[in-house]
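Inspection log for the structure reproduced underneath, given as structure tokens.
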Amino acid sequence: MTVTESYKKLTQLNLKQDKLLREALQCAEHGLYRSAHVTAFAAFMDYIHEWIVTDATRLGLIQKSYPTWNVNQAADLREQKDHTLFEVLKRQGLITNATMKALHGLLAKRNECAHPADYEPGINDTLGYLDEMIKRISALGA
1 MTVTESYKKL TQLNLKQDKL LREALQCAEH GLYRSAHVTA FAAFMDYIHE
51 WIVTDATRLG LIQKSYPTWN VNQAADLREQ KDHTLFEVLK RQGLITNATM
101 KALHGLLAKR NECAHPADYE PGINDTLGYL DEMIKRISAL GA
């Protein structure tokens with residue numbers, strides 16, 4: 001199965017997430033591998049933010065445990081660091097420890113691509129990263 005075939009199976013994306021993942025795939029097609037990583041991660045984080053606020057239980061857990069965050073909509077979560085948000089999701093029992101560690105790894109890879117570094121992803125690295133993002137979204141949506 002190709003990344004494009006996996007992508008087509010995603011039905012729970014909003015317009016912004018769909019656009020960002022399509023752009024990530026286009027970046028990969030044109031050899032813009034760093035950009036593909038960064039754009040795919042942006043789509044994933046938008047999905048995470050929406051995933052939290054569209055479920056009353058998830059949102060309630062965050063609001064109760066982190067009242068200073070003042071979260072009422074997805075945009076409010078964008079003020080929090082991604083690394084911290086993953087830890088909070090784990091603490092609240094919304095993701096497993098293994099998932100949190102995997103997400104931290106994906107964030108680290110995104111950071112290597114977004115900032116000057118020696119890391120130069122190739123096509124296989126990028127396709128693997130995109131596939132992982134798509135699988136993580138599918139797993140959360142299940």
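Under full-length UniProt numbering, the first residue of the sequence shown is numbered 1, with each subsequent residue one higher. For every residue, glycine included, the Cβ atom is placed at its ideal position computed from N, Cα and C. Quick caveat: nothing in here was measured; it's all calculated off a predicted structure.
Apart from the five residues just before and just after residue i, which ones in its own chain have a Cβ nearer than 6 Å to its Cβ?
| i | result |
| --- | --- |
| glycine 141 | Gln12 |
| methionine 133 | Ala40, Phe44 |
| tyrosine 33 | Pro121, Thr126 |
| glutamate 23 | Thr39 |
| glycine 31 | none |
Can you tell me whether residue i is helix, strand or coil according to DSSP?
| i | result |
| --- | --- |
| histidine 37 | helix |
| glutamine 73 | coil |
| tyrosine 47 | helix |
| leucine 32 | coil |
| isoleucine 95 | coil |
| threonine 54 | coil |
| aspartate 82 | helix |
| histidine 115 | coil |
| leucine 13 | coil |
| glutamate 120 | coil |
Can you give me the start and stop residues for the alpha helix (DSSP H) that residue i sits inside?
| i | result |
| --- | --- |
| tyrosine 129 | 123-141 |
What's the gap between the Cα of residue i and the Cα of residue j?
| i | j | result |
| --- | --- | --- |
| alanine 40 | threonine 54 | 21 Å |
| histidine 49 | alanine 74 | 5 Å |
| leucine 89 | leucine 130 | 22 Å |
| glutamine 17 | tyrosine 47 | 7 Å |
| glycine 93 | isoleucine 123 | 35 Å |
| histidine 83 | tryptophan 69 | 15 Å |
Closer than 7 Å by C-beta to residue i: which residues in its own chain qualify, once you throw out the five before and the five after it? Chain order, please.
| i | result |
| --- | --- |
| glutamate 87 | Met100 |
| glutamate 112 | Tyr119 |
| asparagine 14 | Glu50 |
| alanine 42 | Leu20 |
| arginine 78 | His49 |
| residue 143 | The chain is shown from 1 up to 142; residue 143 falls before or after that span and cannot be answered. |
Counting C-beta neighbours from all protein chains within 10 Å, is the total for residue i 16 or more, i.e. buried, or is it exposed?
| i | result |
| --- | --- |
| leucine 103 | buried |
| lysine 109 | buried |
| alanine 36 | buried |
| aspartate 118 | exposed |
| histidine 115 | exposed |
| alanine 139 | exposed |
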